[in-house]
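Participant: Residue numbers (this note's numbering), protein chains in the order written: chain A, 1 to 218; chain B, 1001 to 1218; chain C, 2001 to 2218; chain D, 3001 to 3218. Just so you know, even glycine gets a beta-carbon here, dropped at the ideal spot from N, CA and C. The following block contains the structure, expressed as structure tokens.
Number of protein chains: 4
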Amino acid sequence: MDARPTYDEKLLRILRESAAIFAAKGYHRASIRDISAATDVSLSGLYYYFRSKEELLFLIQDHCFGTLHHRLNEELEGSTDAVARLRIFVRNHLRFFLSNQAEMKVLSHEADVLTGEHRAAVQKRKRAYAAAAEAILTELGPPGGVKPRSATFALFGMMNWIYTWHRPDVDPDADRLAEQMTHLFLHGYRTPIAEGAEALPERSGGGRGDAPSIWRTD
Amino acid sequence: MDARPTYDEKLLRILRESAAIFAAKGYHRASIRDISAATDVSLSGLYYYFRSKEELLFLIQDHCFGTLHHRLNEELEGSTDAVARLRIFVRNHLRFFLSNQAEMKVLSHEADVLTGEHRAAVQKRKRAYAAAAEAILTELGPPGGVKPRSATFALFGMMNWIYTWHRPDVDPDADRLAEQMTHLFLHGYRTPIAEGAEALPERSGGGRGDAPSIWRTD
Amino acid sequence: MDARPTYDEKLLRILRESAAIFAAKGYHRASIRDISAATDVSLSGLYYYFRSKEELLFLIQDHCFGTLHHRLNEELEGSTDAVARLRIFVRNHLRFFLSNQAEMKVLSHEADVLTGEHRAAVQKRKRAYAAAAEAILTELGPPGGVKPRSATFALFGMMNWIYTWHRPDVDPDADRLAEQMTHLFLHGYRTPIAEGAEALPERSGGGRGDAPSIWRTD
Amino acid sequence: MDARPTYDEKLLRILRESAAIFAAKGYHRASIRDISAATDVSLSGLYYYFRSKEELLFLIQDHCFGTLHHRLNEELEGSTDAVARLRIFVRNHLRFFLSNQAEMKVLSHEADVLTGEHRAAVQKRKRAYAAAAEAILTELGPPGGVKPRSATFALFGMMNWIYTWHRPDVDPDADRLAEQMTHLFLHGYRTPIAEGAEALPERSGGGRGDAPSIWRTD
DNA sequence: AATGAATGAGGGTTCATTCAT
DNA sequence: CATGAATGAACCCTCATTCAT
């Protein structure tokens, strides 16, 4: 109804372009000058939209998380079956991830750049989203031997790692990947760990505590 | 036998401290001055040990990958059972990860900082290690529906993501985590995907191609 | 009679707030944004009232000097006794100074910020005021040894320096201070310098010309 | 004995040139680039000698005050007569002031730019020097009506104001000025205030409390 | 083998000011 | 009258790196 570009639209454009630049070069290597060039907004003009580079990153992360979680709730609505809900969760996450690769890379990769209140606000979002995930896992019933906390993060690891390897021309699309990851996770999660499974013969210096230095001297 | 501090020992110390600093602040935010302060070597003195900051990062990553892969081969030696070999692989990876958190974080997090020959050299190492992993998966026999490439990276995702969440006081140690992750992966990998599993009712705009903007405007 | 806020009143409010800010932070450190915030006038809105930051400073200084001198003439009117006139001069200056500390600090402290015509206009006011002071001193009759020019500035120094130290809770008020300073000045001014008073034994390297560096190297 | 330029000498040169620039343009208007140009040291090279612009100002002020006070003590040594000591104090101050005009202007004019520890350190110096001055005044015996605190600052006002007016070609040199200011101060300080001196007829709105606005509206 | 001194390039940010509305 | 949006210029400071010693 209103064709005039609104204030919001311009900010959103800046956020989108900035996310792409942060994704490509990394937050610290990207300069405000890069963003100025990409957006065709003067260096100082940008500061009308955010107070600092860090706030810019915050705006990106905050909006991104907000939308991700918001969509999840929409998708879950009405669904009651535990497995279906897990599948929806994974699919939503991966769809969003692959549709907004730049933003999600920024979210995954620049997680601990933020400080102070910005950091706190994003962590709050993160915790809420992780809690939603854990709740879904809980609905699945007791796991077969994997701790729920580790399992949650293992699932996130599978999903969040994709920005490092996924190539659209070679790899499955979001929905297919979602099926596969749900499947992968679900069976292991439910199947009890067999006795003696861990009976691996010890070979070299054991686990933690022994902590051999990473640096070979030979 | 030789009590004199050798050249190597000092370089190694520098690499260790540098890895810790890179892990804590990120490669780009960490300055050579930080490293100078941490190592008690003068700024210019450091340049005796590496030609540039990037080479320093390379040395860390190269040694780290080298050791990781070297250990894997040692651990695998003599073992023939496919499942056992997978378990060894995961355990080796996680032990190493948790024993050398700083280095592994640098490896995971600063993967695409390197350029030119340094980049090529590390990628070669990375590919070799990934190939070893994929070979082990292949030994497991045909998967039940998950593509081997996706599965490999899903496994790496689970494992490499731990630097973002693992807390030694709360979470299982490396060996126990290895059991769980092996278990998690293995069952999903082998179990065939049931027909109709993906029959999720479509809800919002579909997967890729539709690519809704990340930024809500409502 | 007229309740509507007039043009002048708003300008005056702006000048008053600006003077306070300039006094607090110094002209150069104070930003137009600070003034915008303090006056609740938008950044660009301020430029309706003055053409540039420098003009704003000019308006403050010009008004301030104008009023100071105007009051002096009012106070002096009808008084003929030389000493009484000096007393009135000092009292007027100090009253004004302590009643308008911000403005007078700006006057004293930002004296040579102005350039071009602004500078010329203020200096004209300054010279006129200083001439009035010198005239009063002349009426006192020939000094006892102090040059009139130095004496005038010594008096101004005493008076203008107060913005650096005067604390209303501890120090005398304007009128009492005026008595004391008049007294202080008057006696020294009239009393002849005794012969041999200056017969101080030379100690270190003499006065100007010798110009020892300020920086100790021992 | 050693003709090689030492580290110190270079720092001192930088401080001297910086003081001249701060004196000429004011601290805030002067840029590090100005100093770089004046000293022929690269912009970044300067930061080898100080950590920030503020520290540079601190170094100037600290050294300056240190030397001033140090010299005072040297000059006072052995002198016992109260009046002679006052004369020495004033002479030392004025000699130093006129021999190091730039530094002293910076000291007088940029007094409250410093913050934190820098500010505290300089204020400590300032208090010590002011205390020395007050001690000398105390030795003179009880004043004739002027409060010692006001008197001290009146004297400082006379002296410190000279950077605003003194012209070497027209005005007396430091030693002569010292005589005159000592004389000016001394007589007023000792002579009792006559009764009824302050019996000035009130004319316009009285002293403080009445505080007429500085801005004329007529 | 080690370092003090120095630098060019570039970083984030602020500022006074303008102009269409 | 008033303002939201925008900008060029400048500012302070940090960085990786070098080089004479």
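#1: Report the residues of the region 3153–3176 of chain D with a CB closer than 9 Å to any CB of chain C, ordered along the chain.
#2: So what does DSSP say about Asp2034 (chain C), is it helix, strand or coil?
#3: Touching or not, the region 2134–2149 of chain C and the region 2058–2073 of chain C, by the rule of three or more beta carbon pairs under 8 Å?
#4: Could you check the C-alpha separation between Pro3172 (chain D) and Ala2178 (chain C) for me, to the nearest Å?
#5: Strictly under 8 Å for the Cβ-Cβ distance: is Gly3196 (chain D) near chain C by that measure?
#6: What are the boundary residues of the alpha helix (DSSP H) that includes Arg1221 (chain B)?
#7: Under 9 Å, CB to CB, which of the residues in the region 2019–2050 of chain C have a partner in chain D?
#8: In chain order, what residues of the same chain lie with their CB nearer than 8 Å to the CB of Ala1151 (chain B), ignoring the 5 residues before and after it?
#9: Anything in chain D within Cβ reach of Tyr2129 (chain C), meaning under 9 Å, just list it in chain order.
#10: Just to confirm my understanding: we take Met3159 (chain D), look at its own chain, exclude 5 residues before and 5 after, and list those with CB closer than 8 Å. What are they?
#11: If I measure Cβ to Cβ from Ser1079 (chain B) and keep anything under 7 Å in the same chain, skipping five residues before and after, which residues do I get?
#12: Whose Cβ in chain D lies nearer than 9 Å to the Cβ of Arg2149 (chain C)?
#13: Any idea if Gly2116 (chain C) is buried or exposed, counting beta-carbon neighbours within 10 angstroms, 16 or more meaning buried?
#14: Less than 8 Å between CB atoms is the rule here; does Ala3082 (chain D) satisfy it with respect to chain C?
#15: Give the secondary structure of Gly144 (chain A) by DSSP, where H, G and I count as helix, E and B as strand, and everything else as coil.
#16: Quick one: Cα of Gly2026 (chain C) to Cα of His3028 (chain D), how far?
#17: I'd like to know if Pro3005 (chain D) contacts chain C, where contact means its C-beta is closer than 8 Å to some C-beta of that chain.
#18: DSSP three-state label for Tyr49 (chain A), please.
#19: Measuring alpha carbon to alpha carbon, tell me which of C:Val2106, C:Arg2176, C:Arg2119 and C:His2187 ends up nearest Leu2015 (chain C).
#20: Cutting at 8 Å between CB atoms, please list the residues of its own chain near Tyr2129 (chain C), excluding the five before and the five after it.
#21: Could you tell me the distance, in whole angstroms, from the CA atom of His2118 (chain C) to the CA atom of Ser2052 (chain C)?
#22: Where does Val3090 (chain D) fall in DSSP's three states?
#23: Between which two residues does the alpha helix (DSSP H) holding Ser108 (chain A) run?
#24: When you compare only the Cα positions, how much space is there between Glu1134 (chain B) and Arg1127 (chain B)?
#25: Quick check on Ile1193 (chain B): does DSSP put it in helix, strand or coil?
#26: Would you mind telling me which residues of chain D sit closer than 9 Å to Gln2180 (chain C), beta carbon to beta carbon, in chain order?
#27: May I have the straight-line CA-CA distance separating Ala3174 (chain D) from Leu2155 (chain C), to the nearest angstrom?
#28: Around the C-beta of Tyr2163 (chain C), are 16 or more other C-beta atoms found within 10 angstroms, so that it is buried, or is it exposed?
#29: Compute the Euclidean distance between the alpha carbons of Ala2197 (chain C) and Gly2145 (chain C), then round it to the nearest angstrom.
#30: Can you tell me whether Leu2114 (chain C) is buried or exposed, with buried defined as 16 or more other CB within 10 angstroms of its CB?
#31: Please decide whether His1118 (chain B) counts as near chain A, where near means a Cβ-Cβ distance under 8 Å.
#32: If you check the beta carbons only, do His1187 (chain B) and Thr191 (chain A) fall under 8 Å apart?
#33: Is the shortest distance between the beta-carbon of His183 (chain A) and the beta-carbons of chain B less than 8 Å?
#34: Going by DSSP in three states, Ala2129 (chain C) sits in which element: helix, strand or coil?
#35: Could you name the residues of the same chain whose beta carbon sits closer than 6 Å to that of Arg2125 (chain C), not counting the 5 residues immediately before and after it, in chain order?
Facilitator: Taking the structure as given:
#1: Phe3153, Ala3154, Leu3155, Phe3156, Gly3157, Met3158, Met3159, Asn3160, Trp3161, Ile3162, Thr3164, Trp3165, His3166, Pro3168, Val3170, Asp3171, Pro3172, Asp3173, Ala3174, Asp3175 and Arg3176
#2: helix
#3: no
#4: 27 Å
#5: For Gly3196 (chain D), the predicted model reports a pLDDT of 49, less than 50, meaning its position is unreliable and no value from the coordinates is stated.
#6: With chain B covering only 1001 through 1218, there is no way to say anything about residue 1221 (chain B).
#7: Ala2019, Gly2026, Tyr2027, His2028 and Arg2029
#8: Leu1137, Pro1143, Phe1185 and Tyr1189
#9: Correct list: empty, because the minimum Cβ distance to chain D is about 14 Å.
#10: Val3090, His3093, Leu3094, Phe3097 and Met3181
#11: Arg1085 and Ile1088
#12: Trp3165, Val3170 and Asp3171
#13: exposed
#14: no
#15: coil
#16: 9 Å
#17: Caution is warranted here: a pLDDT of 43 is assigned to Pro3005 (chain D), below 50, making its placement in the model unreliable, and the coordinate value is therefore given only provisionally. False, the Cβ-Cβ gap to chain C never drops below 8 Å.
#18: coil
#19: C:Val2106
#20: Phe2065, Leu2068, His2069 and Leu2072
#21: 12 Å
#22: helix
#23: Gln101 to His109
#24: 10 Å
#25: coil
#26: Gly3145, Val3146, Lys3147, Ser3150, Ala3151, Ala3154, Gly3188 and Ile3193
#27: 17 Å
#28: buried
#29: With a pLDDT of only 47 at Ala2197 (chain C), under the threshold of 50, the placement of this residue in the model should not be trusted; the figure read from the coordinates follows. Cα to Cα, the separation comes out at about 12 Å.
#30: buried
#31: no
#32: yes
#33: yes
#34: According to the sequence provided, residue 2129 (chain C) is Tyr. The question's Ala does not apply to it. Reduced to three states, the DSSP call for Tyr2129 (chain C) is helix.
#35: Phe2065
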